[in-house]
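Numbering of the sequence shown is given in the working numbering, commencing with residue 125 and proceeding in unit increments. Quick reminder that beta carbons are idealized off the backbone N, C-alpha and C, glycines included. Note that this is a predicted model, so its numbers are computed, not measured.
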Amino acid sequence: MNNIYYFNIDYFCNNNCVFCFSSSTGTTKKIITFESLLNTVKRLNLNENDLIVLNGGEPALHPSFYNILLFLYKQYNSSVAIYSNGTNLDILKIPDSSRFRFITPIHGNKNLHDFITQNSGSFDKTLKNIYLLQQKKCKVNIKFIVSQEMIESNFNIQDFLESKKLFPDTIIIARMNNTKKSKKNNVKSLFIPQFSDFIQNSYMNLHKKMRIEFLDVPVCFLPDFENCNIQKTPSFYFSDYNHNLQKRNYFKKIRILEKCKNCNQMNICKSLESSYLTPIYDKQWIIDCE
Numbered sequence: 125m126n127n128i129y130y131f132n133i134d135y136f137c138n139n140n141c142v143f144c145f146s147s148s149t150g151t152t153k154k155i156i157t158f159e160s161l162l163n164t165v166k167r168l169n170l171n172e173n174d175l176i177v178l179n180g181g182e183p184a185l186h187p188s189f190y191n192i193l194l195f196l197y198k199q200y201n202s203s204v205a206i207y208s209n210g211t212n213l214d215i216l217k218i219p220d221s222s223r224f225r226f227i228t229p230i231h232g233n234k235n236l237h238d239f240i241t242q243n244s245g246s247f248d249k250t251l252k253n254i255y256l257l258q259q260k261k262c263k264v265n266i267k268f269i270v271s272q273e274m275i276e277s278n279f280n281i282q283d284f285l286e287s288k289k290l291f292p293d294t295i296i297i298a299r300m301n302n303t304k305k306s307k308k309n310n311v312k313s314l315f316i317p318q319f320s321d322f323i324q325n326s327y328m329n330l331h332k333k334m335r336i337e338f339l340d341v342p343v344c345f346l347p348d349f350e351n352c353n354i355q356k357t358p359s360f361y362f363s364d365y366n367h368n369l370q371k372r373n374y375f376k377k378i379r380i381l382e383k384c385k386n387c388n389q390m391n392i393c394k395s396l397e398s399s400y401l402t403p404i405y406d407k408q409w410i411i412d413c414e
């Protein structure tokens, strides 16, 4: 992959997640206009090795969201990753293309999911649209954001997928981070030993069946993790209503343990923290983009 072009096209959201890390979400009505995005993209000389990311807020609430998708579908052959909570998608307006990948979060069973999003009925709406997306050529990644509440509810990813008849192209297992909002809402912090057990049990149940990505997870938690070398870190460019193609690091916190400073995997975690790359198990360990 050459470059990642990350567009926070709006900061609207119809959920109100108790731990949301975006300090801008819900605080501004400013957006990247359709015309501005088109002008920016036309300057990029995109190719099939580049990745375009559409995020928010909730990008599907952008007034020109479907026009943006159609433009990218018709004019370019780059892959497009869309981070969406899945509640507000008009499936018929989404181009039927395997170049489009929807990354949609699940926070646990119905009651827990709706508690986390603070939006009654969000679980059912998200699930309905995941089913509809699975009928298209679009790729579907389900992102399980692991909270202490999820662990204490005895949530099992494999059982959930089987009971709901979900067949994602990839599952992402992500750690819920402590944020200003999570502290304000008195959300429990993860108990790290239980989180480690959850990661390892999920891996053992799933790794022979599907592609798994691990986000914000120390690599020492990952069973049989081989010392994958990061061959090349793609350049990352960020845009929102206030920034245009600002080259920056994509930062995520991975080194969360006291022993991290002396761990023999420390350099890998350090490199992953400052990039869009994640450890992925797909018949073998690789390091690639989320």
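key: Buried or exposed (CB count within 10 angstroms, at least 16 for buried), Ser277   = Translated into positions along the sequence shown, residue 277 becomes position 153. Per the 10 Å Cβ criterion, exposed.
Sorted by chain position, which residues of the same chain lie with C-beta nearer than 8 Å to Cys384's C-beta, five sequence neighbours on each side aside? Residue numbering aside, residue 384 sits at position 260 when the sequence shown is read from its first letter. Around Cys384: Pro342, Met390 and Cys393.
Next item on the list: Reducing DSSP to helix, strand and coil, say where Tyr190 ends up.
Entry: Counting from 1 along the sequence shown, the entry for residue 190 is found at position 66. Tyr190 falls in the helix class under three-state DSSP.
- DSSP state of Val142 mapped onto helix, strand, coil: Reading the sequence shown from its first residue, position 18 is the one you call residue 142. DSSP places Val142 in coil when its eight states are reduced to three.
Rounded separation between Lys356 and Cys413 - CA only: Looking up residue 356 in the sequence shown gives position 232. Looking up residue 413 in the sequence shown gives position 289. Going from the Cα of Lys356 to the Cα of Cys413 covers about 11 Å.
- Message: I'd like the span of the beta strand (DSSP E) that includes Asp421, first residue to last.
- Response: No statement about residue 421 is possible, as the shown extent of the chain runs from 125 to 414 and does not include it.
Quick check on this structure: which residue in Thr151, Val264 and Leu194 has the alpha carbon closest to the alpha carbon of Lys217? As a first step, residue 217 is located in the sequence shown; it is residue number 93 there, counting from the start. The option with the nearest alpha carbon to Lys217 is Leu194.
Local conformation of Asn253 per DSSP, three classes: As a working mapping, residue 253 is identified with position 129 in the sequence shown. Correct three-state label for Asn253: helix.
Can you list, in chain order, the stretches of the beta strand (DSSP E) that have 3 or more residues and sit fully within the stretch 205–261?
-> 224–230
TODO: Could you tell me if Glu286 is buried or exposed, where buried requires 16 or more neighbouring beta carbons within 10 angstroms of its beta carbon?
DONE: Here the question's residue 286 lines up with position 162 in the sequence shown. By the neighbour-count rule (16 or more Cβ atoms within 10 Å), Glu286 is not buried but exposed.
* Quick one: Cα of Phe226 to Cα of Gln282, how far? -> Taking the first residue of the sequence shown as 1, we reach residue 226 at position 102. Taking the first residue of the sequence shown as 1, we reach residue 282 at position 158. Looking at the two C-alpha atoms, the distance is approximately 20 Å.
*Measure the C-alpha to C-alpha separation of Phe158 and Ile254 and round it to an integer number of angstroms.*
By 1-based counting over the sequence shown, the position of residue 158 is 34. By 1-based counting over the sequence shown, the position of residue 254 is 130. Cα-Cα distance, rounded: 26 Å.
Using only alpha-carbon positions, find the residue among Tyr130, Cys141 and Asp134 that is nearest to Val311.
Stepping through the sequence shown from its first residue, residue 311 is reached at position 187. Ranking the options by Cα distance to Val311, first place goes to Cys141.
At which residues does the alpha helix (DSSP H) containing Asn391 begin and terminate? For this step, residue 391 is matched to residue 267 along the sequence shown. Where Asn391 is concerned, the enclosing alpha helix (DSSP H) stretches over Met390 to Glu397.
Quiz item: Given Ile230, which residues of its chain have a CB within under 6 Å of its CB, disregarding the five upstream and five downstream residues?
Solution: On the sequence shown, position 106 is the one that residue 230 refers to. Same-chain partners within the cutoff: Ile266 and Phe268.
* Burial state of Ile354 (16 or more Cβ within 10 Å) -> Start at 1 with the first residue of the sequence shown, and residue 354 comes out as number 230. By the neighbour-count rule (16 or more Cβ atoms within 10 Å), Ile354 is not buried but exposed.
Practice prompt. Give a yes or no on whether the C-beta atoms belonging to Glu337 and Thr303 are separated by under 8 Å.
Written response: If you number the sequence shown from 1, residue 337 lands on position 213. If you number the sequence shown from 1, residue 303 lands on position 179. No.
Between the stretch 309–326 and the stretch 358–366, do at least 3 Cβ pairs fall closer than 8 Å?
no
Quiz item: In or out: Lys263 buried (at least 16 other Cβ within 10 Å) or exposed?
Solution: Residue numbering aside, residue 263 sits at position 139 when the sequence shown is read from its first letter. Lys263 comes out buried.
- Do you know offhand how far Lys376's Cα is from Ile316's? On the sequence shown, position 252 is the one that residue 376 refers to. On the sequence shown, position 192 is the one that residue 316 refers to. Their Cα atoms are separated by approximately 17 Å.
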